[in-house]
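Take a look at the structure set out below.
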Amino acid sequence: MSARIREALDDLEHEVAALPLAPPHAIRARGRARRRRQAAVVATVAAGVAVTGAVALPSLTGRAGPAGVRSQQVVAAPVPSDSASTRATGGCVNPSASPTPSDADRAGALATSRKARVFLKPTATSTEKAAVDAALRGLKDVTAIEFLSHEHQWQRFAAQYCYAPDLVAATRPDSLPEAFDLTLASAGDYSDVEATIGRMAGVDSVVHAVP
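Structural data, given as structure tokens:
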């Protein structure tokens, strides 16, 4: 090794040694803060999925759920494989690559939609879930009911955000709310269902969904 190279390495070693390094407890604190920020991003996305209900529900297969409440296995809807965006994401379609529906288009879709969803609170008990299920089955305005557990909601979430595997991997099933997916007799029945079910114990919100 030449004297010039050795001298340069010695200078670099001195410069690195002189760098101001944060104490270990400060480094650990920054790591915890970064993990909290990541968790907050995941929670915000999950809440957006729950509140808007903007994504069409995939195909469902009925099976028994907890405490007598009907549940089902969620099967991701097939995605056309001949589009450029699909080929670029390995079978997943990033919604940012598609035109965003206008408020008028969404309002028009809701005016004829017979879909609604009842989202449960994280603290909802088995008794409260069963009571909501019984109340929904007693409404003539509701023609079909499906219960979505945490795991089923996560499967829908994973299918919707398949183009963002890091986000899916960072999202726990229990961070997504359980819900009832409803089919109404007519689009105009939504307001009556919301007024009847929206204030029940264990219910977080009722939304009119675009099919």
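Heads up: the sequence shown begins at 1 in the UniProt record's numbering, then just goes up one per residue. Quick reminder that beta carbons are idealized off the backbone N, C-alpha and C, glycines included. Here the structure is a predicted model, which means the values were calculated and not measured.
A159 versus M200: straight-line alpha-carbon distance, rounded = Within the sequence shown, the letter at position 159 stands for residue 159. Within the sequence shown, the letter at position 200 stands for residue 200. Answer to the nearest angstrom: the Cα atoms are 30 Å apart.
query = If you draw a straight line from the alpha carbon of T89 to that of A134, how long is it in whole angstroms?
reply = In the sequence shown, residue 89 corresponds to position 89, counting from 1. In the sequence shown, residue 134 corresponds to position 134, counting from 1. In this prediction, T89 has a pLDDT of 49, which is less than 50 and means its spatial position is unreliable; what the coordinates show is noted afterwards. Those two C-alpha atoms are separated by around 42 Å.
Cβ neighbours of C162 in the same chain (closer than 6 Å, five flanking residues each side left out) = By one-based count along the sequence shown, residue 162 stands at place 162. C92, listed in sequence order.
inquiry  = If the criterion is Cβ atoms closer than 8 Å, does the pair A195 and V118 meet it?
reply    = On the sequence shown, position 195 is the one that residue 195 refers to. On the sequence shown, position 118 is the one that residue 118 refers to. No; because the gap between Cβ atoms is not below 8 Å, this pair is not in contact.
query = For D189, which of helix, strand or coil comes out of DSSP?
reply = Here residue 189 refers to the residue found at position 189 when the sequence shown is read from its first residue. In this structure, D189 counts as helix in the three-state DSSP scheme.
inquiry  = Starting from S126, trace the alpha helix (DSSP H) in both directions and tell me its first and last residue.
reply    = For the purposes of this step, residue 126 is taken as residue 126 along the sequence shown, with counting starting at 1. From DSSP, the alpha helix (DSSP H) with S126 extends over S126 to R137.
key: Close beta carbons around K121, own chain, < 6 Å, minus the five adjacent residues each side   = If you number the sequence shown from 1, residue 121 lands on position 121. Excluding sequence neighbours, K121 sits near G202 and D204.
task = Note down the Cα distance separating Q155 from T171, rounded to an integer number of angstroms.
result = Walking along the sequence shown from the start, residue 155 turns up at place 155. Walking along the sequence shown from the start, residue 171 turns up at place 171. Going from the Cα of Q155 to the Cα of T171 covers about 11 Å.
query = Is residue 220 buried or exposed, if buried means 16 or more other CB atoms sit within 10 Å of its CB?
reply = One cannot answer for residue 220 here, as it falls past the ends of the chain, which runs 1 to 211.
query = Alpha carbon to alpha carbon, what distance is there between I197 and V206?
reply = The residue labelled residue 206 in the question sits at position 206 within the sequence shown. The residue labelled residue 197 in the question sits at position 197 within the sequence shown. Rounded to the nearest angstrom, the two C-alpha atoms are 8 Å apart.
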